[in-house]
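For the protein sequence lines, the chains are A and B, in the order given. Just so you know, the first sequence maps onto residues 1 to 302 in this note's numbering. Just so you know, the second sequence maps onto residues 1001 to 1279 in this note's numbering. Where is the CB? At the ideal position from N, CA and C, for every residue including glycine. Here the structure is a predicted model, which means the values were calculated and not measured. Have a look at the structure below before the remarks.
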Amino acid sequence: MTEPIVTTDRLTKRYGDHTAVAAVSLTVRRGEIYGFLGPNGAGKTTTLRMLVGLIRPDAGSARVLGGRPGDPRVLRRVGALIEGPGFYPYLSGRDNLRVLARYRGLSDADVDRALAQVDLNKRGRDRFRSYSLGMKQRLGVAAALLGEPDLLILDEPTNGLDPAGMADMRELVRRLADAGQTVLLSSHLLGEVQQICDRVGVISRGELIAESTVAELQGGSSLLVRAEPPDRAARVIESTLGGAAVSKATDGALTVATEPDRHPGIVRALVQAGVDVHELRPVERSLEEVFFEMTAEEGAAA
Amino acid sequence: MIASLRAELLRLGKWPASWVIIGVWLLLNLFFGYVLDYLGYRDAVANGDAGQAAALLSQLSLTGVPSAVVAGLPMFGGALLLTLAALATGSGYGWNTWKTVFTQGPSRLTALGGTLLALAGLLVVTVVLTWVVDLAASAIVLTIESQPLVWPSFQAVAEGAGAALLIAGMWTVAGALVGILARGPAMAVGLGLVWALVVESLLRGVSGLLGPFEPVTDYLPGTAAGSLAGAVGAASVEEAGGAPGVLTILSGSASVAVLAGYIVAFAGLAAVLIARRDA
Chain A
1 MTEPIVTTDR LTKRYGDHTA VAAVSLTVRR GEIYGFLGPN GAGKTTTLRM
51 LVGLIRPDAG SARVLGGRPG DPRVLRRVGA LIEGPGFYPY LSGRDNLRVL
101 ARYRGLSDAD VDRALAQVDL NKRGRDRFRS YSLGMKQRLG VAAALLGEPD
151 LLILDEPTNG LDPAGMADMR ELVRRLADAG QTVLLSSHLL GEVQQICDRV
201 GVISRGELIA ESTVAELQGG SSLLVRAEPP DRAARVIEST LGGAAVSKAT
251 DGALTVATEP DRHPGIVRAL VQAGVDVHEL RPVERSLEEV FFEMTAEEGA
301 AA
Chain B
1001 MIASLRAELL RLGKWPASWV IIGVWLLLNL FFGYVLDYLG YRDAVANGDA
1051 GQAAALLSQL SLTGVPSAVV AGLPMFGGAL LLTLAALATG SGYGWNTWKT
1101 VFTQGPSRLT ALGGTLLALA GLLVVTVVLT WVVDLAASAI VLTIESQPLV
1151 WPSFQAVAEG AGAALLIAGM WTVAGALVGI LARGPAMAVG LGLVWALVVE
1201 SLLRGVSGLL GPFEPVTDYL PGTAAGSLAG AVGAASVEEA GGAPGVLTIL
1251 SGSASVAVLA GYIVAFAGLA AVLIARRDA
């Protein structure tokens, strides 16, 4: 899972005076689910559009599956859903996919397989214009799945889906990754990214401000301790862990930066020291908290 | 290119707009080319106007079919085909389908080539259907009037078919270009129709005021299309019973050269725009 399949080097796109994407350098590795996170207007879609050759960068470069973005030989190995589904409204969902399949030299059997993967085979003969937003989105994903591409680029794939549809989509993405496909998906739904992505890149105001695993992004875990007396509890913990970082809140709660395997030892030490323990629980920052911290810092720095 | 052509034939063939526009053209061609002339012929016969009746019967004859097929193409037929092509390319921006197609693997030029070839296929179907309708209408009129069925010569058929394809082809590629230029169907259709139906006629009307640029109006797309129709026998707008848009400004060979030039230029410009612009 270490071979880079998408790399960008200081990729930049400007529209007049506005820099939509500023020197973004990211790496997506084979077989992983890479989450591309950022608020609306951060530059996610612009970056993805450059990766499939819909727009050209003003500076920097990108390699996708070892080739140039937009190269027909590369695009045949990429499935993409960018900026929502674009289909002919007068054609059925199935006929829309048949048109795209013909472009790829694929058969109607490939179309039916893709429709089945997104659970649209029963409505495949209905006109696209009669589809709900969620069905349109699923058809867009089906189009991306045509030909079983090596790399899937999905821009906000759960847009318009209800909670059950979102869960189905997460399961589908996970299944595709398990089958060896690499998935690069953009989203502003942090819970979704946290649940399915192996690594994430966070983009804010056009700049990639972080790229790591979800766990790394969340930082080390910590432990919240409410005990009486708190000062004594703090000393016991520091003594037990050998100078661990213990911070005390105004309400007397202690936050201890430590790994989960040290938690039982802390409990034992506190009890043996005669400290009354009222509450003790691991604290894990959600990706959402991390994301808001990072984008807020970025906003303040700008 | 074959894959793109197959894809575009599927989507254009299933597009109701394609068949509505082709159907409208066939109805207009039948009405103005045969129904009105036949009513005029019956009127002339009833009034004892033998000269007028003979002239109209000549237009309604099978030998008149080649000129009847091309007579409506320089203006109304051309405008309809321009509309069809402008919708075909322009709506790809409105529906975001160009973007979807471009991410499927064909190069942009291959995708555009598929669209243009599929449109060419539709215009061949249109021209063939026009011939079939006109031949049938003529044969029915001649049978009703107990006139002999004298078929047009092979040369006349070949010239008429070639002229029809060239005129229709020029307007079709022009429509495709306007759709791409405007990045949408509405403005493309509007601008295309205003140019085809109004602007060219106005420019020709005021050509005397253009000084050294006056000859330019002789080489406008509609002028060349109308001149080719006139060169293969369609009655010009200045003659009695002539069709709007049919002209006698350029010779047949000059018209062919100018139309071919426009087809190449319009297709080339469309290719450059599709290939170089962000999608």
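To the nearest angstrom, how far is it from the Cα of Gln1104/B to the Cα of Glu1145/B? Against the second sequence, residue 1104/B aligns to sequence position 104. Against the second sequence, residue 1145/B aligns to sequence position 145. The straight-line gap from Cα to Cα measures roughly 58 Å.
Whole-angstrom distance between Ala1260/B and Arg49/A, CA atom to CA atom: As a working note, residue 49/A is residue 49 in the first sequence. As a working note, residue 1260/B is residue 260 in the second sequence. In a straight line, the C-alpha of Arg49/A is about 37 Å away from that of Ala1260/B.
Does Arg1011/B get closer than 8 Å to chain A when you measure Cβ to Cβ? As a working note, residue 1011/B is residue 11 in the second sequence. Yes - at least one Cβ of chain A is within 8 Å of the one on Arg1011/B.
Between Asn1096/B and chain A, is any beta-carbon pair separated by less than 8 Å? Taking the second sequence and counting its residues from 1, one reaches residue 1096/B at position 96. Asn1096/B counts as touching chain A.
Could you give the distance in angstroms between the alpha-carbon of Leu11/A and the alpha-carbon of Asp108/A? Along the first sequence, read from residue 1 onward, the residue named residue 11/A stands at position 11. Along the first sequence, read from residue 1 onward, the residue named residue 108/A stands at position 108. Their Cα atoms are separated by approximately 38 Å.
Strictly below 9 Å CB to CB, what residues from chain B border Leu176/A? Numbered from 1 along the first sequence, position 176 holds the residue referred to as residue 176/A. Those within 9 Å of Leu176/A in chain B number zero; the least Cβ separation is about 17 Å.
Using the Cα positions of Leu1191/B and Leu1036/B, report the straight-line distance between them to the nearest angstrom. Your numbering for residue 1191/B matches position 191 in the second sequence. Your numbering for residue 1036/B matches position 36 in the second sequence. Rounded to the nearest angstrom, the two C-alpha atoms are 30 Å apart.
Considering Cα atoms alone, identify which of Lys13/A, Ala20/A, Thr27/A and Thr2/A is closest to Ala210/A. Along the first sequence, read from residue 1 onward, the residue named residue 210/A stands at position 210. Comparing Cα positions, the closest option is Thr27/A.
Check the Cβ-Cβ distances between Pro1185/B and every residue of chain A, and say whether any is below 8 Å. Sequence index remark: in the second sequence, residue 1185/B carries index 185 (1-based). So no, Pro1185/B is outside the interface.
According to DSSP, simplified to helix, strand and coil, what is Glu211/A? Here residue 211/A refers to the residue found at position 211 when the first sequence is read from its first residue. Three-state DSSP puts Glu211/A in a strand.
Closest Cβ-Cβ distance between Val1101/B and chain A: below 8 Å? In the second sequence, residue 1101/B corresponds to position 101, counting from 1. Output row for Val1101/B: interface = yes.
Cβ atoms of Gly43/A and Ala20/A: under 8 Å apart, would you say? Within the first sequence, the letter at position 20 stands for residue 20/A. Within the first sequence, the letter at position 43 stands for residue 43/A. Closer than 8 Å, so yes.
Beta-carbon proximity of Leu115/A to Arg94/A, cut-off 8 Å: Start at 1 with the first residue of the first sequence, and residue 115/A comes out as number 115. Start at 1 with the first residue of the first sequence, and residue 94/A comes out as number 94. Yes, they are a contact pair.
Residues of the segment 1146-1164 of chain B with a CB closer than 7 Å to any CB of chain A: list them in chain order, please. none
Close Cβ partners of Val1157/B (< 7 Å) along its chain, the five nearest in sequence each way excluded: Counting from one through the second sequence, the residue named residue 1157/B turns up at place 157. Closer than 7 Å at the Cβ level, and outside the excluded window around Val1157/B, lie Pro1066.
Enumerate, from N- to C-terminal direction, the unbroken alpha helix (DSSP H) stretches of 4 or more residues contained entirely within the segment 178-254 of chain A. 190-196, 214-218 and 230-241
Could you tell me which chain A residues have their CB closer than 8 Å to the CB of Arg1006/B, listed as they occur along the chain? Against the second sequence, residue 1006/B aligns to sequence position 6. The answer, in chain order, is Arg102.
Rounded separation between Gly1113/B and Met135/A - CA only: The residue you call residue 1113/B lines up with position 113 of the second sequence. The residue you call residue 135/A lines up with position 135 of the first sequence. Approximately 31 Å between the Cα atoms of the pair.
Reduced DSSP secondary structure (H/G/I, E/B, other) of Asp276/A: By 1-based counting over the first sequence, the position of residue 276/A is 276. Looking at Asp276/A - three-state DSSP - the assignment turns out to be strand.
Would you mind working out which of Gly201/A, Val6/A and Arg29/A sits nearest Val52/A, comparing C-alpha positions? By 1-based counting over the first sequence, the position of residue 52/A is 52. Among Gly201/A, Val6/A and Arg29/A, the Cα nearest to that of Val52/A is on Val6/A.
Let's see if you can read the secondary structure: which residues bound the beta strand (DSSP E) around Ile5/A? By one-based count along the first sequence, residue 5/A stands at place 5. Its beta strand (DSSP E) spans residues Pro4 to Tyr15.
Distance check for Arg29/A and Gly1175/B, CA to CA, integer angstroms please. For this step, residue 1175/B is matched to residue 175 along the second sequence. For this step, residue 29/A is matched to residue 29 along the first sequence. Rounded to the nearest whole angstrom, the C-alpha separation of Gly1175/B and Arg29/A is 45 Å.
To the nearest angstrom, report how far apart Val1216/B and Val1256/B are at their CA atoms. Here residue 1216/B refers to the residue found at position 216 when the second sequence is read from its first residue. Here residue 1256/B refers to the residue found at position 256 when the second sequence is read from its first residue. Going from the Cα of Val1216/B to the Cα of Val1256/B covers about 16 Å.
Determine the DSSP secondary structure at Ile306/A, reduced to helix, strand or coil. Past the edges of chain A, shown from 1 to 302, lies residue 306/A, and the structure says nothing about it.
Taking only the alpha-carbon atoms, compute the straight-line gap between Gly147/A and Ser1253/B and give it to the nearest angstrom. Counting from 1 along the first sequence, the entry for residue 147/A is found at position 147. Counting from 1 along the second sequence, the entry for residue 1253/B is found at position 253. Their Cα atoms are separated by approximately 50 Å.
Those runs of the alpha helix (DSSP H) which lie wholly inside the segment 144-181 of chain A and span at least 4 residues: For the segment 144-181 of chain A, the full-length alpha helix (DSSP H) segments reaching 4 residues or more read 163-178 along the chain.
Buried or exposed: which applies to Val1194/B, given that a residue is buried once 16 or more other Cβ atoms fall within 10 Å of its Cβ? For the purposes of this step, residue 1194/B is identified with residue 194 of the second sequence, where counting begins at 1. Under this definition Val1194/B is an exposed residue.
Could you check if Glu279/A is buried or exposed, using at least 16 other CB atoms within 10 Å of its CB as the buried criterion? On the first sequence, position 279 is the one that residue 279/A refers to. Exposed, by the Cβ-count rule.
Looking at chain B, is there any beta carbon in it that lies within less than 8 Å of the beta carbon of Ala80/A? Counted from its first residue, the first sequence places residue 80/A at position 80. Yes - at least one Cβ of chain B is within 8 Å of the one on Ala80/A.
Are the segment 1117-1124 of chain B and the segment 1023-1042 of chain B in contact at 8 Å, needing three or more beta carbon pairs? no
Assumed close pair Pro157/A, Ser221/A - CB separation to whole angstroms, cut-off 8 Å: Looking up residue 157/A in the first sequence gives position 157. Looking up residue 221/A in the first sequence gives position 221. With a Cβ gap of about 30 Å, Pro157/A and Ser221/A do not count as contacting.
Delimiting residues of the alpha helix (DSSP H) encompassing Val1125/B: Indexing the second sequence from 1 puts residue 1125/B at position 125. For Val1125/B, the uninterrupted alpha helix (DSSP H) run begins and ends at Arg1108 to Ile1144, by DSSP.
For the segment 80-94 of chain A, list every residue whose C-beta sits within 8 Å of some C-beta in chain B, in sequence order. Ala80, Ile82, Glu83, Gly84, Pro85, Gly86, Phe87, Tyr88, Pro89, Tyr90 and Leu91
Whole angstroms are fine: how far does the CA of Gly1092/B sit from the CA of Ala1182/B? Start at 1 with the first residue of the second sequence, and residue 1182/B comes out as number 182. Start at 1 with the first residue of the second sequence, and residue 1092/B comes out as number 92. Each residue's Cα considered, the two are about 11 Å apart.
From what residue to what residue does the alpha helix (DSSP H) around Thr1063/B run? In the second sequence, residue 1063/B corresponds to position 63, counting from 1. It is not in any alpha helix (DSSP H) - Thr1063/B carries neither H nor E in the DSSP assignment.
Pull out every residue of the segment 50-70 of chain A whose Cβ sits closer than 9 Å to any Cβ of chain B, in chain order. Val52, Gly53, Leu54, Ile55, Arg56 and Gly70
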